[in-house]
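Protein chains: 2
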Amino acid sequence: MSEKSRTEAHSRRDKILDAAEALFAERGYDGVTLRQIAALAAVDVALTNYHFGTKKDLFTTVFHRRAAILNKVRDEALTACLNTKVPAMLEDIVEAYLRPLGEIQASADKGWKHYLSLVAWVNNSTEWGREFMTDNFNPFVSKFIDALKTTLPNADEQALYWGYHYMSGALTLTFADTRRLDTLSGGKASSSDITVGYKHMIPFIAAGFRAICDDPDNSNS
Amino acid sequence: MSEKSRTEAHSRRDKILDAAEALFAERGYDGVTLRQIAALAAVDVALTNYHFGTKKDLFTTVFHRRAAILNKVRDEALTACLNTKVPAMLEDIVEAYLRPLGEIQASADKGWKHYLSLVAWVNNSTEWGREFMTDNFNPFVSKFIDALKTTLPNADEQALYWGYHYMSGALTLTFADTRRLDTLSGGKASSSDITVGYKHMIPFIAAGFRAICDDPDNSNS
DNA sequence: GTCTATATGTTGATAGAC
DNA sequence: GTCTATCAACATATAGAC
Chain A
19 MSEKSRTEAH SRRDKILDAA EALFAERGYD GVTLRQIAAL AAVDVALTNY HFGTKKDLFT
79 TVFHRRAAIL NKVRDEALTA CLNTKVPAML EDIVEAYLRP LGEIQASADK GWKHYLSLVA
139 WVNNSTEWGR EFMTDNFNPF VSKFIDALKT TLPNADEQAL YWGYHYMSGA LTLTFADTRR
199 LDTLSGGKAS SSDITVGYKH MIPFIAAGFR AICDDPDNSN S
Chain B
19 MSEKSRTEAH SRRDKILDAA EALFAERGYD GVTLRQIAAL AAVDVALTNY HFGTKKDLFT
79 TVFHRRAAIL NKVRDEALTA CLNTKVPAML EDIVEAYLRP LGEIQASADK GWKHYLSLVA
139 WVNNSTEWGR EFMTDNFNPF VSKFIDALKT TLPNADEQAL YWGYHYMSGA LTLTFADTRR
199 LDTLSGGKAS SSDITVGYKH MIPFIAAGFR AICDDPDNSN S
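Protein chains in written order, with our numbering: chain A, 19 to 239; chain B, 19 to 239.
Pasting the structure below:
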């Protein structure tokens, strides 16, 4: 195989993945046809089957493509945070969790934006979440919750997990980028103003955790 | 038309709505076929068209069926809260917003549970949310945000709207009832333990609002 | 109101030529 | 690797008998 054809094939393969990522994120698995994906990628429909097998296989490939690198980036941020001060501040841990995602979403990279939007869709789906969220992201989430325990040693564990649930929901809706905050606020806030969205999310979530997880004795510490 | 046939027809009509509600909530609009809806309702496929028109029309009917009553219940709760004390406490306003939903979701009514799950799906979808969330729920949300302004008079409006966004995301993920908290926590918390989910949500969200909307001068008030 | 039968289109998938 | 051609299955929708 020549260098040229190898490169072109790889490029078409990637174009299918990019198109599938964008469309799955926008309309969900069932809302998208292989023909629409092929059209957006500007390749023949049969190529989706040649490169990835079934539609479900294609979805799996799309989801896994960025999951590993996402875990790596976030793991490094959390580890760095935990190494700078012991015990780490609650705000710092929450920031370590959220900031890498905010930077990705605020960046110019369309592909990553689509991927986060896809994660939002998966996270809110009972059946897709069970298959894709648990295996890919639970290990890192557990690490995050362990970190929270070090700074909230007296926390009721049930409250801690529900706090994570609220944060996950807030984050996920931010991923979804619905643009509905614009209409609601009459222009005073914008769903796509990601930098502002993450700037307020960190103190909001940290305060929430403290309110339900902190021991009454040191609630104003 | 006899009483009996009237009742039966109405019953079949309702069975289609109930089935559509349950399936749309579980798999989204495109993930469900009219045949599956008819099968779950135990009626003929052609009846969906006779009673509701197109598939999209059926979805619209399902969504509107409970929207009005939901708005009424929530409006009463918020109004009652605002009338008991002036200015109302932040926690009371958030509770007025959340508690009616918690009571509905914690009740034994399967239909309402499915409906809230459907709202979760719509809220996280850019294209469906634009069409169905804005018209149905924005007026009440604006009333809620106005109430927040009375108790957080110095709040930056942009922060206030983002706070609402975080609350909406947390609430929505709770609607979705993904059952994934169970796996993540190793049984220490359960997504379907709705009473606990709402009990912690109120102080969590209230503290979050205070952290980003309160004037620094009275941040520990 | 309900069902049978069917029109009409689209879907995912693949066999086979190049 | 890529494209043409085609398949069986399934979708929504409706006309017409009862």
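Think of the CB as a built atom: it goes at the ideal place given N, C-alpha and C, for glycine as much as any other residue.
- The count of Cβ pairs closer than 8 Å, one atom from the region 133 to 140 of chain B and one from the region 35 to 44 of chain B, reaches three, so the stretches are in contact.
- Contact annotation for Tyr179/A against chain B: Leu199, Leu202, Ser203, Lys206, Ala207 [CB-CB distance below 8 Å, chain order].
- At a cut-off of 8 Å between beta carbons, Gln176/B contacts chain A.
- The three-state reading of DSSP puts Thr66/A in helix, counting H, G and I together.
- For Asn172/A, the secondary structure class from DSSP, reduced to helix, strand or coil, is coil.
- Following the DSSP letters along the chain, one finds Ser135/B inside the alpha helix (DSSP H) bounded by residues 128 to 141.
- Using a Cβ-Cβ cut-off of 8 Å, Asp48/B counts as an interface residue toward chain A, since at least one Cβ of chain A sits closer than that to its own.
- The beta carbon of Val63/A sits closer than 7 Å to the beta carbons of Leu52, Arg53, Ala56 from its chain, once the five residues preceding and following it are set aside; these are given in chain order.
- Against Asp110/B, chain A offers no close residue; the least beta-carbon distance is about 15 Å (beta-carbon pairs closer than 9 Å).
- Nearest neighbour of Asn67/A by Cα position, chosen from Arg30/A, Thr97/A, Leu96/A, turns out to be Arg30/A.
- One alpha carbon belongs to Ile212/B, the other to Gly187/B, and they sit about 16 Å apart.
- Judged by beta-carbon spacing, Val112/A lies beyond the 8 Å limit of Ile230/A, meaning their Cβ atoms are not closer than that value.
- Taking 8 Å as the CB threshold, Met107/A stays off the interface with chain B.
- Scanning its chain for C-beta atoms nearer than 6 Å, with the 5 sequence neighbours on each side dropped, one finds around Ala59/B the residues Lys33, Ile34, Ala37, in chain order.
- For the pair Tyr115/A and Phe162/A, the CB atoms are nearer than the 8 Å cut-off.
- With respect to the C-alpha of Ile122/B, the residue from Val50/B, Ala98/B, Phe193/B having the closest C-alpha is Phe193/B.
- Within chain B, no residue has its CB atom less than 8 Å from the CB of Glu113/A, the nearest being about 14 Å off.
- In the structure shown, Ala106/B adopts coil according to DSSP, grouped into three states.
- Under the DSSP assignment, Asp200/A falls in the alpha helix (DSSP H) whose first and last residues are 198 to 203.
- Counting C-beta pairs with one atom in each stretch, the region 142 to 160 of chain A and the region 191 to 208 of chain B have three or more that are closer than 8 Å, which means they touch.
- Out of Gly204/B, Trp130/B, Val214/B, Pro157/B, the CA that lies nearest to the CA of Leu96/B is found in Pro157/B.
- Here DSSP, grouped into helix, strand and coil, assigns Gly46/A to coil.
- At least 8 Å separates the beta-carbon of Leu189/B from that of Leu178/B.
- Using a C-beta cut-off of 8 Å, the region 102 to 112 of chain B makes no contact with the region 73 to 82 of chain B, since fewer than three inter-stretch Cβ pairs fall below that distance.
- Look at Val159/A here: in three-state DSSP terms it is helix.
- DSSP places Gly215/B in the uninterrupted alpha helix (DSSP H) bounded by 212 to 231.
- Short of 7 Å from the beta carbon of Leu100/A, and not among the five residues preceding or following it, lie these beta carbons of its own chain, in chain order: Ala106, Ala165.
- Counted as a single uninterrupted DSSP element, the alpha helix (DSSP H) harbouring Ala56/B occupies residues 52 to 59.
- Interface with chain A (8 Å Cβ-Cβ cutoff): His28/B is excluded.
- Using a Cβ-Cβ cut-off of 8 Å, Ile230/A counts as an interface residue toward chain B, since at least one Cβ of chain B sits closer than that to its own.
- Thr102/B is classed as exposed because its beta carbon has fewer than 16 other beta carbons within 10 Å across all chains shown.
- Under a criterion of Cβ atoms nearer than 7 Å, the residues of chain A adjacent to Pro221/B are, in order, Ala229, Ile230.
- Taking C-beta atoms under 8 Å as the contact rule, Phe155/A and Phe81/A fail to qualify, at a distance of about 11 Å.
- Contact note: Ser186/A reaches chain B through Leu191, using a C-beta cutoff of 7 Å and chain order.
- Around the beta-carbon of Ser203/B, 16 or more other beta-carbon atoms lie within 10 Å, marking it buried.
- Exclusion of the five residues before and after Pro118/B leaves Val91, Arg92, Ala95 as the residues of its chain whose Cβ lies within less than 7 Å of its Cβ.
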